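Visitor: Just so you know, we're using my numbering here: the sequence shown kicks off at -6 and counts up by one. I'd like to ask you about the structure that follows.
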Amino acid sequence: MRILGINAVFHDPAAALVIDGRTVAAAEEERFSRRKHGKRPVPFSAWEMPELSAAWCLRQAGLTPADLDAVAYSFDPALSAPAESLGLKDPWDHLRQEYARRAPSFLAEALPGLDPSAVRFVPHHMAHAASAGIAGPHRDSAVLVLDGRGECASHLSGRYHGDLLEVLATQRLPHSLGLVYEELTEHLGFLRSSDEYKVMALASYGKPRFLPQLRQWVHSDGRGGFAAHGVEWAALAPAREAGADWNQDHADLAASAQAVLEETLLDLASWLHAEGGGRELTLAGGVALNCVANSRLAAEGPFERVWVQPAAGDAGTALGAALHLAAAHDESPPPMPGADLGRGWSEQEIEDFLKDAAVPYERPADIAETVAGTLAGDGIVAWFQGRAEYGPRALGHRSLLAHPGRAENLDRLNRVKGREEFRPVAPMVTEERAAEIFDGPLPSPYMLFVHDVARQWRSRIPAVVHVDGTARIQTVNPGDEPLVARMLAAFERRTGLPVVVNTSLNTAGRPMVDSPRDALECFGSSPVDLLAIGPFAVRRGRFFA
């Protein structure tokens, strides 16, 4: 079957294509529209379809909308209830539900030739679950889904037996760990449903001194569910105005919320293991992007292995919905092949673009060696290689790279990107070298766990060591990423360091670079020394000569 998955109803609209059970393509709409997160998660935007990413997925496979056997939409309006009956203050939620009911006609308009009757509604958390349990590497696994909300719930616990999901528990709204974290994000002056990762970073600067009070509102119930609603944030610490300086109260509140989240996740995982057993746990939902909590689950939880969907947020439900339908048709989907499921360009296409743009460029004998030399000389490199990543992490395809041995490179990169000073940057390292430098779940190819940095290495790679002595690492398998591995080896020969700084190729408030045009625009507007785009190198001095 040829199945197009669609996420559209809340945020991070995306499309994914699964053919005969195999994942062919997946991409977020923001990479095409250049609107961060694609749209804001308000009811009035629920009619917007990821038409650009969907059209690209079809072109990637040489299909037209009429060729599709099914379209899997990752929300089932038939399962919804009025917002007031769920304890939610959202007077326009009925509009979101109505737009969801009309999704078949919206999709048919966005994708001319599509038969509206081909659209199938997949429950939101079933789509999340499939994006983890079916897309993950373990054929039998427990699955834990936690996000802001679905139709009527914010959580699903279950177990996959092959491709069949046994649901063991759900949590009805308004109780939601995701919504609680979103509320805190807004209280701390950040953009809700967008900047939650900033709260996680800020937490490292605080102490959980508000934890006892927070436990009144947020805790597990011992039955596979939890309480998480009605937190009186202002009674704990004053709100922060957007753009204002943060203080210790703000950091301590973030640390306290992070701690209560981790405690609750550990309780949920322990209950799930007692009920369903098994050695593997897979995670999805926006809460699963909290790599600090993931690491605590891996270290202290009852499961031997934890796997997290790299597009764990709502974007991943496009893939999960398609895989859910494929599994229902006995197509036995294999694990997703990696996160590089987005757009890519051939060498010829890239060179043609550089020529059309009248950009001076060169083709060195080995772009990996050229990049390593620039990095060793403390240059910043924009790295554009292969197919774009699916999900929010830069994983060696759309990255900014720098020397990890210079502490000032953290501030330097945050200035380049226009980010807050407390935000960390991440290291990439080959799988074979990771264990001697970083202590935590290995391998870690999707940058979804944090690792303690060995003390003897902290002074050697200070740019990637967070204030708490941790780093959110990406391990590189040379078989999967030969070019990245070659660049790392070349950098180590020059510096003695097997680690390179890796952060996303974008500036604050903008989606990650996706196309050659995006790459040149970012390079031209940022103090970056070298653009490595395919096998070609564009140098800053020549670019502006």
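Virtual Cβ for every residue (Gly too), placed ideally from N, Cα, C. Remember, predicted model here, so these are calculated numbers, not experimental data.
(1) If you compare alpha carbons, which of Glu382, Thr496, Trp376, Trp226 is closest to Asp404?
(2) Which full runs of the alpha helix (DSSP H) of 4+ residues lie inside the segment 295 to 337, going along the chain?
(3) Looking at Ala369 and Leu393, is the spacing between their C-beta atoms short of 8 Å?
(4) When you compare only the Cα positions, how much space is there between Ala483 and Phe529?
(5) Count the other C-beta atoms from every protein chain shown that fall within 10 angstroms of the C-beta of Asn240, then say buried if there are 16 or more, exposed otherwise.
(6) According to DSSP, simplified to helix, strand and coil, what is Asn240?
(7) Residues in its own chain within less than 7 Å of Ala146 by CB, not counting five upstream and five downstream?
(8) Among Ser519, Val160, Val35, which residue has its Cα nearest to the Cα of Gly218?
(9) Look up Gly151 in the DSSP assignment and give the residues it is bridged to.
(10) With H, G and I counted as helix, E and B as strand and the rest as coil, what does DSSP make of Met421?
(11) In its own chain, which residues sit with a C-beta less than 7 Å from the C-beta of Ala248, not counting the 5 before and 5 after it?
(12) Against chain D, with Cβ distances strictly below 8 Å, would Pro116 count as a contact?
(13) Please report the straight-line C-alpha distance between Trp49 and Glu21, rounded to a whole angstrom.
(14) Tell me the DSSP bridge mates of Ala8?
(15) Can you tell me whether Thr468 is buried or exposed? The criterion is at least 16 other CB atoms within 10 Å of its CB, across all chains shown.
(16) With a cut-off of 8 Å, do at least 3 Cβ pairs link the segment 201 to 212 to the segment 271 to 290?
(17) Enumerate in chain order the residues of its own chain whose CB-to-CB distance from Glu144 is below 7 Å, with the five nearest sequence positions on each side excluded.
(18) Given Ile343, which residues of its chain have a CB within under 7 Å of its CB, disregarding the five upstream and five downstream residues?
(19) Got a sec, what are the start and stop residues for the alpha helix (DSSP H) Asn572 sits in?
(20) Could I get the ranges of all uninterrupted beta strand (DSSP E) runs contained in the segment 39 to 93, with 3 residues as the minimum, in chain order?
(21) Are there three or more Cβ pairs, one per stretch, closer than 8 Å when the segment 82 to 96 is compared with the segment 272 to 288?
(22) Among Tyr66, Pro36, Leu137, which has the Cα closest to the Cα of Leu614?
(23) Counting C-beta neighbours from all protein chains within 10 Å, is the total for Pro36 16 or more, i.e. buried, or is it exposed?
(24) DSSP puts Asp445 in a beta bridge; with which residues?
(25) Determine, using beta carbons only, whether Leu258 and Ala286 come nearer to each other than 8 Å.
(26) Using three-state DSSP, classify Ala501 as helix, strand or coil.
(27) Would you grab the beta carbon distance between Asp83 and Arg(-5) for me? Rounded to a whole angstrom, and I think it's under 8 Å.
(28) What residue range does the alpha helix (DSSP H) around Ser288 cover?
(29) Would you mind sorting Val138 into buried or exposed? The rule is 16 or more other CB atoms within 10 Å of its CB.
(30) Please list the terminal residues of the continuous beta strand (DSSP E) segment that includes Ile343.
(31) Taking only three categories from DSSP, how would you classify Arg233?
(32) Going along the chain, which residues of its own chain have a beta-carbon closer than 6 Å to the beta-carbon of Arg451, five neighbours each way excluded?
(33) Check Val173 in the structure and name its three-state DSSP category.
(34) Given a cut-off of 8 Å, decide if Ala332 and Pro326 are closer than it, judged by their beta-carbon atoms.
(35) Among residues of its own chain, excluding the 5 on either side of Thr463, which ones have a beta-carbon nearer than 7 Å to its beta-carbon?
(36) Is DSSP giving Ser26 helix, strand or coil here?
Guide: With the structure as the only source:
(1) As a first step, residue 404 is located in the sequence shown; it is residue number 411 there, counting from the start. The residue from Glu382, Thr496, Trp376, Trp226 with its alpha-carbon nearest to that of Asp404 is Thr496.
(2) 309 to 321
(3) One-based indexing of the sequence shown puts residue 393 at position 400. One-based indexing of the sequence shown puts residue 369 at position 376. In this structure, Ala369 does not lie closer than 8 Å to Leu393 by Cβ.
(4) Looking up residue 483 in the sequence shown gives position 490. Looking up residue 529 in the sequence shown gives position 536. About 17 Å.
(5) The sequence position of residue 240 within the sequence shown is 247, counting from 1. Exposed.
(6) Here residue 240 refers to the residue found at position 247 when the sequence shown is read from its first residue. If DSSP states are grouped into helix, strand and coil, Asn240 belongs with coil.
(7) Counting from one through the sequence shown, the residue named residue 146 turns up at place 153. So the qualifying residues of the chain are His118, Thr163, Gln164, Arg165, Leu166.
(8) Walking along the sequence shown from the start, residue 218 turns up at place 225. Checked all of Ser519, Val160, Val35; the closest Cα to Gly218 is Val160.
(9) Reading the sequence shown from its first residue, position 158 is the one you call residue 151. Beta-bridge pairing links Gly151 to Val136, Val160.
(10) Here residue 421 is taken as the residue at index 428 of the sequence shown, counted from 1. The answer is strand: DSSP assigns Met421 an E or B state.
(11) Taking the sequence shown and counting its residues from 1, the one referred to as residue 248 is at position 255. If we look at Ala248 and ignore the five residues flanking it on each side, its Cβ neighbours are Ala196, Gly199, Lys200, Pro201.
(12) Judged by its chain identifiers, the structure shown contains no chain D, having just a single protein chain.
(13) To locate residue 49, count along the sequence shown from 1; it is residue 56. To locate residue 21, count along the sequence shown from 1; it is residue 28. Rounded to whole angstroms, Trp49 to Glu21 spans 11 Å at the Cα level.
(14) As a first step, residue 8 must be located in the sequence shown, where it is residue number 15. DSSP, once it has assigned bridges, lists Ile(-1), Ala20 as partnering Ala8.
(15) Here residue 468 is taken as the residue at index 475 of the sequence shown, counted from 1. The residue is buried, with at least 16 neighbouring Cβ atoms inside 10 Å.
(16) no
(17) On the sequence shown, position 151 is the one that residue 144 refers to. Answer for Glu144: Phe68, Asp69, Leu72, Ser73, Pro116, His117, listed in chain order.
(18) Position 350 of the sequence shown, counted from the start, is the residue given in the question as residue 343. Closer than 7 Å at Cβ, skipping near neighbours: Pro509, Ile526, Gly527, Phe529.
(19) As displayed, the chain neither begins before -6 nor continues past 538, which places residue 572 out of reach and without an answer.
(20) 63 to 66
(21) no
(22) Past the boundaries of the shown model lies residue 614; the chain is included only from -6 to 538, so the question cannot be answered.
(23) By 1-based counting over the sequence shown, the position of residue 36 is 43. Its Cβ being crowded by 16 or more others within 10 Å, Pro36 is buried.
(24) On the sequence shown, residue 445 is found 452 positions in, with the first residue counted as 1. The partner list for Asp445 (beta bridge, DSSP) reads Asp432, Thr463.
(25) As a first step, residue 258 is located in the sequence shown; it is residue number 265 there, counting from the start. As a first step, residue 286 is located in the sequence shown; it is residue number 293 there, counting from the start. Against a cut-off of 8 Å, the Cβ pair of Ala286 and Leu258 comes out as a contact.
(26) Residue numbering aside, residue 501 sits at position 508 when the sequence shown is read from its first letter. It is coil, neither helix nor strand.
(27) Within the sequence shown, the letter at position 90 stands for residue 83. Within the sequence shown, the letter at position 2 stands for residue -5. Contact flag wrong, Cβ pair sits at about 36 Å.
(28) Counting from one through the sequence shown, the residue named residue 288 turns up at place 295. Element bounds for Ser288: 284 to 293.
(29) Here residue 138 corresponds to residue number 145 of the sequence shown, with the count starting at 1. When all chains shown are included, Val138 counts as buried.
(30) The residue you call residue 343 lines up with position 350 of the sequence shown. First-last for Ile343: 340 to 349, but that is the alpha helix (DSSP H), not the beta strand (DSSP E).
(31) Residue mapping note: residue 233 aligns to position 240 of the sequence shown, counting from 1. Correct three-state label for Arg233: coil.
(32) Translated into positions along the sequence shown, residue 451 becomes position 458. Excluding positions up to five away in sequence, the list reads Val458.
(33) Residue 173 sits at position 180 when you count from the first residue of the sequence shown. Looking at Val173 - three-state DSSP - the assignment turns out to be helix.
(34) As a working note, residue 326 is residue 333 in the sequence shown. As a working note, residue 332 is residue 339 in the sequence shown. Not a contact, by the Cβ cut-off of 8 Å.
(35) Numbered from 1 along the sequence shown, position 470 holds the residue referred to as residue 463. Closer than 7 Å at the Cβ level, and outside the excluded window around Thr463, lie Val443, His444, Asp445, Val446.
(36) Translated into the one-based positions of the sequence shown, residue 26 becomes position 33. Helix at Ser26.
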